[in-house]
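24 is the number of the first residue of the sequence shown in the numbering used here; add one for each residue after it. By construction, the Cβ of each residue, glycine as well, lies at the ideal position given by its N, Cα and C atoms.
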Amino acid sequence: MGVDVKKDSVDLGIVTTNGPAMLAFYRDVLGLDHVADTPVPFGGTMHRLMCGTSLIKVVVPDVDPGHAPAPGGLTGATGYRYWTITVGNLDEVVAAATAAGHRVPVGRMNVREGVDIAMIEDPDGNWVELLEQA
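Have a look at this one:
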């Protein structure tokens with residue numbers, strides 16, 4: 024028996040020591056709705072942002088965990104390497120990310136009939152895939 028899903032989306036936690044830059048990227052560049060800041064039980068702050076019905080949790084611990092994310096996106100390491108947001112304005116978001124100085128390791132490209140993607144990098148080097156369907 025599988026999980027009894029009660030929400031039509033998943034939530035994502037991103038742990039960082041680069042809180043202000045990460046919050047600015049997800050809130051100001053991607054335009055996610057910043058709904059709250061809450062303390063976390065182990066010490067630190069969770070910036071809560073909505074992406075549709077998904078909650079993106081940018082967690083800034085009080086104590087540096089001592090390990091940075093592996094760089095290189097898809098080919099940099101195994102494990103969780105990127106996440107996807109389906110958008111209706113791919114070119115506009117890529118342009119905003121570029122203008123804000125963020126790296127775009129994969130520019131707009133067609134991956135299958137009627138589906139284009141681009142991948143942008145957040146300040147910690149995590150990749151966000153933007154997907155636009157025709």
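Restricting attention to beta strand (DSSP E) runs no shorter than 3 residues, the segment 58-135 encloses them at 67-74, 77-84, 105-109, 129-135, ordered along the chain. Around the beta-carbon of residue 146, 16 or more other beta-carbon atoms lie within 10 Å, marking it buried. Nearest to residue 134 by alpha-carbon distance, out of 37, 153, 78, is 153. Residue 156 and residue 109 do touch by the CB rule: their CB atoms are close to 7 Å apart, below 8 Å.
Sixteen is the threshold: since fewer than 16 other Cβ atoms of the shown chains lie within 10 Å of the Cβ of residue 100, the residue is exposed.
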